[in-house]
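Engineer:
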Amino acid sequence: MSQSTIRIYDTSFTAGQESLLSGLMRTSEMERIAPFLNRAGLYAVEATRGFSFKNTLAELNENPFGRIRAIKRAMSETPVAMTLSALHMAGRAAAPLDLVRAYLSSAFDAGVSIFRIFDPLNDLRNLTVPVETAKGLGATAVAAILIPTSGKRTPFDAIAETAKRIQEIGADAVCLMDTEGFLCPDSARKLVARVTETVSIPVHLSIVNTAMCGTAAAHAAFEAGAAVVEAALSPFADGGVTIPSEGLINSLNMAREGALEPLCEGAALFEEEIRPRHLSTLMKRSNLHLRSLALKYRIPVTTLRVAVNQLAEIDKSDLLERVVSEILAVRNDLGDIALKFPLDEMVVTQSINNIVFDNVEARYSIATTAVKDHCYGMNGRTVSAIDEAILKTVLEGYPRGETPTTAFPPELLPPALKGEEGRSPLVNGLEDEVIMALFPVEGKRHLEWQKGVKRIPEEAKFLSLEEALERASIAEKILDGDMDALARKNNAPDQSPYARTFNVFVGGDHFEVAVDEVGGPTVLSHTPAAAPAAPVAPAPAPVQPPAPAAAPKPAAPAPKPAAPKPAAPAPAAGGAGATLTAPMPGVVLRYEKQPGDKVEKGDVVVVLEAMKMENVLSAPASGTVGVLPCREGDTVSTGDVLCVIE
Numbered sequence: 001m002s003q004s005t006i007r008i009y010d011t012s013f014t015a016g017q018e019s020l021l022s023g024l025m026r027t028s029e030m031e032r033i034a035p036f037l038n039r040a041g042l043y044a045v046e047a048t049r050g051f052s053f054k055n056t057l058a059e060l061n062e063n064p065f066g067r068i069r070a071i072k073r074a075m076s077e078t079p080v081a082m083t084l085s086a087l088h089m090a091g092r093a094a095a096p097l098d099l100v101r102a103y104l105s106s107a108f109d110a111g112v113s114i115f116r117i118f119d120p121l122n123d124l125r126n127l128t129v130p131v132e133t134a135k136g137l138g139a140t141a142v143a144a145i146l147i148p149t150s151g152k153r154t155p156f157d158a159i160a161e162t163a164k165r166i167q168e169i170g171a172d173a174v175c176l177m178d179t180e181g182f183l184c185p186d187s188a189r190k191l192v193a194r195v196t197e198t199v200s201i202p203v204h205l206s207i208v209n210t211a212m213c214g215t216a217a218a219h220a221a222f223e224a225g226a227a228v229v230e231a232a233l234s235p236f237a238d239g240g241v242t243i244p245s246e247g248l249i250n251s252l253n254m255a256r257e258g259a260l261e262p263l264c265e266g267a268a269l270f271e272e273e274i275r276p277r278h279l280s281t282l283m284k285r286s287n288l289h290l291r292s293l294a295l296k297y298r299i300p301v302t303t304l305r306v307a308v309n310q311l312a313e314i315d316k317s318d319l320l321e322r323v324v325s326e327i328l329a330v331r332n333d334l335g336d337i338a339l340k341f342p343l344d345e346m347v348v349t350q351s352i353n354n355i356v357f358d359n360v361e362a363r364y365s366i367a368t369t370a371v372k373d374h375c376y377g378m379n380g381r382t383v384s385a386i387d388e389a390i391l392k393t394v395l396e397g398y399p400r401g402e403t404p405t406t407a408f409p410p411e412l413l414p415p416a417l418k419g420e421e422g423r424s425p426l427v428n429g430l431e432d433e434v435i436m437a438l439f440p441v442e443g444k445r446h447l448e449w450q451k452g453v454k455r456i457p458e459e460a461k462f463l464s465l466e467e468a469l470e471r472a473s474i475a476e477k478i479l480d481g482d483m484d485a486l487a488r489k490n491n492a493p494d495q496s497p498y499a500r501t502f503n504v505f506v507g508g509d510h511f512e513v514a515v516d517e518v519g520g521p522t523v524l525s526h527t528p529a530a531a532p533a534a535p536v537a538p539a540p541a542p543v544q545p546p547a548p549a550a551a552p553k554p555a556a557p558a559p560k561p562a563a564p565k566p567a568a569p570a571p572a573a574g575g576a577g578a579t580l581t582a583p584m585p586g587v588v589l590r591y592e593k594q595p596g597d598k599v600e601k602g603d604v605v606v607v608l609e610a611m612k613m614e615n616v617l618s619a620p621a622s623g624t625v626g627v628l629p630c631r632e633g634d635t636v637s638t639g640d641v642l643c644v645i646e
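To convert, note that position 627 of the sequence shown is 627 in full-length UniProt numbering; the numbers rise steadily by one, no gaps.
#1: For the 8 Å Cβ check, are there 3 or more pairs between the region 142-149 and the region 159-171?
#2: Considering Cα atoms alone, identify which of His278, Thr638, Lys392 and Leu263 is closest to Leu39.
#3: Would Ala329 pass as a contact of Thr210 if the rule is Cβ separation under 7 Å?
#4: Going by the beta-carbon positions, is the gap between Ala217 and Ala188 smaller than 7 Å?
#5: Which one or two residues does DSSP pair with His204 in a beta bridge?
#6: Using the C-alpha atoms, what's the distance from Val636 back to Gly170?
#7: When the Cα atoms are used, what is the spatial distance from Arg26 to Thr11?
#8: Give the C-beta separation of Ala86 and Pro410 to the nearest angstrom, bearing in mind that I take them to be a contact with Cβ-Cβ under 8 Å.
#9: Name, in chain order, the residues that DSSP records as bridge partners for Ile71.
#10: Is the region 433-448 touching the region 112-121 in the sense that three or more CB pairs, one from each, lie closer than 8 Å?
#11: At what residues does the beta strand (DSSP E) containing Met346 begin and finish?
#12: Cutting at 6 Å between CB atoms, please list the residues of its own chain near Lys54, excluding the five before and the five after it.
#13: Ignoring anything shorter than 3 residues or poking outside the region 579-605, list the beta strand (DSSP E) runs there in chain order.
#14: Check this for me: beta carbons of Glu345 and Val301, under 7 Å apart or not?
#15: Quick one: is the Cβ of Val129 within less than 6 Å of any heavy atom of the ligand SAH?
#16: Could you give the residue range of the alpha helix (DSSP H) that holds Cys213?
#17: Under three-state DSSP, which class holds Phe439?
#18: Provide the residue(s) that pair with Pro244 in DSSP beta bridges, ordered along the chain.
#19: With 16 as the cutoff for other CB atoms within 10 Å, does Asn428 come out buried or exposed?
#20: Report buried or exposed for Val323, applying the criterion of at least 16 other Cβ atoms within 10 angstroms of its Cβ.
#21: Contact check, Thr83 vs Glu46 under 8 Å by CB: the rounded distance?
#22: Whole-angstrom Cβ separation of Val588 and Gly633, contact assumed at under 8 Å?
#23: Quick test of the definition: if touching needs 3 or more C-beta pairs under 8 Å, does the region 593-609 touch the region 621-629?
#24: What residue range does the beta strand (DSSP E) around Ile337 cover?
#25: Cα-Cα, which of Val356, Ser234 and Ser245 is closest to Glu271?
#26: What residue does the alpha helix (DSSP H) around Ala141 start on, and which one ends it?
#27: Among Lys135, Asn122, Glu592 and Arg7, which one has its Cα closest to the Cα of Phe108?
#28: Considering only their Cβ atoms, is the gap separating Val195 from Tyr43 smaller than 7 Å?
#29: Would you call the region 327-342 and the region 176-186 touching, i.e. three or more CB-CB distances under 8 Å?
#30: Let me confirm a value: Lys392 is counted as buried when at least 16 other C-beta atoms fall within 10 Å, else exposed. Which label applies?
#31: Use the C-beta contact count for residue 647: other C-beta atoms within 10 angstroms, 16 or more gives buried, fewer gives exposed.
#32: What does a CB cutoff of less than 8 Å around residue 648 pick up in its chain, not counting 5 residues either side in sequence?
#33: Below 7 Å between beta carbons: does that hold for Glu614 and Gly586?
#34: Taking DSSP as the reference, what is the three-state secondary structure of Asn38?
#35: Report the three-state DSSP secondary structure of Phe13 (helix, strand or coil).
#36: For the beta strand (DSSP E) holding Glu614, just list the boundary residues, first then last.
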């Protein structure tokens, strides 16, 4: 590392914008800021990591490897870095080793020269292949140790011993990664000093700033011998995610002449020209109200944000504090898991299932696929043992077996890459194959759009600055009480004298709604209605939590009605059947059974993606699979019928 290099690992384009902008910052916007970071002489700038990698593809319809290339072009003098979860990379499940090697190779070819690699369970077996692959490519391999700073603490001597083993597997540097944000300055100083005494490779520090003492902890770490500390441009360091680069550089007086100026210019550019494009996101994503909750429960703001978003999806936001308390219990139940992507999402989703959907007798009765895989051992060795009762509940009927494995996870997985002969026609080269293997649904959609197989919908296209500002202005007017702002924007016609007014009562609230028929009044001819057919009494179905009705917004334009799903026939009378319904909103990923298949009560019938996790839904009764009212890829609401069992 050059003496003139500022010892900062910049995460503005990853952790910073993930928290601030939900990971929705476009590559073209990053390209405008990258030259300023390049001029500052930083140790490295991180171009992508797990959540950002997937969001680039799934939400922005951009090639994540293309993003790396674009940022590298804009930063010829600064190394481009990537953080990845060892065997998960950017996904939510451990992957075969051929995919791990291909992922690193594709990223290296795109411009990554520093790989920062961690394992969410600190299982060093999982770090070996990624470290060896990175070094074989000629890149720098920084292996990380997750440092829990809430819950059960790890003694500094044990951390130092782990760092020694990381040095032995060939890593070029070790990163002490505070995943939860409660590393105080005194602990940072002692920890870094203890590790630097033990290893000869450089020691880095990654800080989550939940407790808002990150800058002081960085000071202490540098004094104790840390080589590099993580930080981000000040606009991206808000909300307890990381610390601001400008303040750290200024307070440590470590900037070479002229280094601080480009960082300030880059921050100003963001505030003036990029932030306005994201005002609607910013209005929804303030972290201020989560900070006190994070400090109270000693949980990272990022984890709380996942819980907030998932509860909003199912209209259960009022359960936030109960879910947060359950997160603490679930992380301990599942082996003292560090709240770090991707396992933090697994913990949050299972906590919500335990609170919202499980019966009172059995927590974990609705376990996600991720939790089942984890309990079996597909993520690796946990820090502490998982409770036997939970293992029995979760692994009942698990396809790989009901006894957890101690095998190295990739040994249980078939190769992911199919080679040229087995590739989809959409795939053109290794990058496309990696994308499809990691994200089958989002990857296929992205490639179909990019190759013109399907038309890109309007909502997936990029807004101009003018369009974004106009939308933000309308949103602000509506929040200020001007409920006609959107109607004026849409050139809504004036209300005719034939409009009819209705009283609508929802949950004790009264709304007055005016309904005006398009084209003026219609003369109705009344004919006698046929006598309704006698209703068929349906068999009792599993009780599902009712979704609260959403109150209509007065004077808002009526949405177009959704295409009705085909009605599922009622099961035969006399209790000889049952219906399997969606316990939460989601997307039907796949059916494991087809019409005519015999099933026993508890057999997996359908896999529903909800709250970013796969949820396996089982047959509520034995019988024969009848109608499957939905197709794979359909979006369903709570209570929608997914299967009829006859």
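We put the CB at the ideal spot given by N, CA and C, even for glycine.
Structural biologist: Per the coordinate set shown:
#1: yes
#2: This sequence places Arg at residue 39; Leu is not what is there. For the residues His278, Thr638, Lys392 and Leu263, the minimum Cα distance to Arg39 belongs to Leu263.
#3: It is not a contact, given that the beta carbons lie outside the stated cut-off.
#4: yes
#5: Cys175 and Val228
#6: Straight-line Cα distance between these residues: approximately 49 Å.
#7: 15 Å
#8: No, Ala86 and Pro410 are not in contact; Cβ-Cβ is about 10 Å, not under 8 Å.
#9: Beta-bridge partners assigned by DSSP to Ile71: none are found.
#10: When Cβ pairs closer than 8 Å are counted between the two stretches, the region 112-121 is seen not to touch the region 433-448, the count staying below three.
#11: First-last for Met346: Leu343 to Ile352, but that is the alpha helix (DSSP H), not the beta strand (DSSP E).
#12: Ala90
#13: 586-591
#14: No; because the gap between Cβ atoms is not below 7 Å, this pair is not in contact.
#15: This structure does not include the ligand SAH; it has no bound ligands of any sort.
#16: Per DSSP, Cys213 belongs to no alpha helix (DSSP H) and is neither H nor E.
#17: coil
#18: Ala232
#19: exposed
#20: That one is buried.
#21: 6 Å
#22: 7 Å
#23: yes
#24: Segment: none, Ile337 is in no beta strand (DSSP E) and carries neither H nor E.
#25: When only C-alpha atoms are compared, the closest one is Ser234.
#26: Not the alpha helix (DSSP H): Ala141 falls in the beta strand (DSSP E), residues Thr140 to Ile147.
#27: Lys135
#28: no
#29: yes
#30: exposed
#31: The chain is shown only over 1 to 646; residue 647 falls outside these bounds and no answer can be derived.
#32: The question about residue 648 has no answer, for the chain in this structure spans 1 to 646.
#33: no
#34: Of the three classes helix, strand and coil, the one that applies to Asn38 here is helix, per DSSP.
#35: helix
#36: Met613 to Ser618
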